[in-house]
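Novice:
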Amino acid sequence: SAVISQKPSRDICQRGTSLTIQCQVDSQVTMMFWYRQQPGQSLTLIATANQGSEATYESGFVIDKFPISRPNLTFSTLTVSNMSPEDSSIYLCSVEEPTGGIGEQYFGPGTRLTVT
Amino acid sequence: RKEVEQDPGPFNVPEGATVAFNCTYSNSASQSFFWYRQDCRKEPKLLMSVYSSGNEDGRFTAQLNRASQYISLLIRDSKLSDSATYLCVARTRRGGADGLTFGKGTHLIIQP
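As given, the protein sequences belong to chains A and B, one line each in that order.
For the first sequence, the numbering used here begins at 1 and goes up steadily by one.
For the second sequence, the numbering used here begins at 1001 and goes up steadily by one.
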């Protein structure tokens, strides 16, 4: 499977600021996704990021709060804007590999964000 | 009703025993299903894709029942290293993309 890295691995930020998280893949992939995992919770899909088109956001997530870039087939960024303590979470990117047509997703190591 | 539901556990199981988890999903349009394993403070790792006919990978067996909308995972001869949270996942098309919907996970503790 693809090797996925994220930067930063963790950060502590002040409320009102913004943080941009980078996701790098070692191979070209069409589909990339951004998820959030809040403390004690499971993963929630934020948006789908495809190269050459606008990101598609899930209900409850908006572009102004979570702008996403996908400049090429190996890279994406997620920005968490105007942060509040409620944004403290782990943010994970994933890529989809069309294994046998079933489309398996593999995750990066995550970015642990704490907002004070 | 949550889209994917699991018993959160924890399941405390002696080493060597067999343990089974069930998971139900509400969206009949869900196309594919997976079991992921997540260790503490780590990202989820794909354990198995779940095929319609059921599939086996070593000590792990996954089954899908579309009529009843549930998925199961069976672990035989459990090892201490199997201790983790097991996430049941459904893949459903939303607009033009297929996002994953995760259950909250079942916590498994294998005891020596």
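Glycine included, every Cβ here is placed at the ideal spot set by N, Cα and C.
These figures come from a predicted structure and were not determined experimentally.
Would you please verify whether the beta carbon of S94(A) is less than 9 Å from any beta carbon of chain B?
Specialist: yes
Novice: Less than 9 Å between CB atoms is the rule here; does M83(A) satisfy it with respect to chain B?
Specialist: No, because no Cβ of chain B sits closer than 9 Å to the Cβ of M83(A).
Novice: What does DSSP give as the partner residues of P1014(B) in its beta bridges?
Specialist: Q1111(B)
Novice: Please say whether D1007(B) and T1106(B) have beta carbons closer to each other than 9 Å?
Specialist: yes
Novice: If G1103(B) and V1019(B) are in contact, beta carbons under 8 Å, what's the gap, nearest whole angstrom?
Specialist: Incorrect: roughly 16 Å between the Cβ atoms, too far for contact.
Novice: Report the three-state DSSP secondary structure of L1080(B) (helix, strand or coil).
Specialist: helix
Novice: Can you give me the start and stop residues for the beta strand (DSSP E) that Y27(A) sits inside?
Specialist: Looking at the sequence provided, one finds Ser at residue 27(A) rather than Tyr. Looking at the DSSP string, S27(A) is not in any beta strand (DSSP E), and its letter there is neither H nor E.
Novice: Check whether the region 1054-1065 of chain B touches the region 63-79 of chain A, counting contact only when three or more Cβ pairs, one atom from each stretch, lie closer than 8 Å.
Specialist: Because the criterion of three Cβ pairs below 8 Å is not met, the region 1054-1065 of chain B and the region 63-79 of chain A do not touch.
Novice: Beta-carbon separation of V14(A) and T116(A) under 9 Å?
Specialist: Per the sequence shown, the amino acid found at residue 14(A) is Gln instead of Val. Contact: yes.
Novice: Below 8 Å on the Cβ atoms is my contact criterion, and I expect T17(A) with M83(A) to pass it. Report the Cβ-Cβ distance as a whole number of Å.
Specialist: 6 Å
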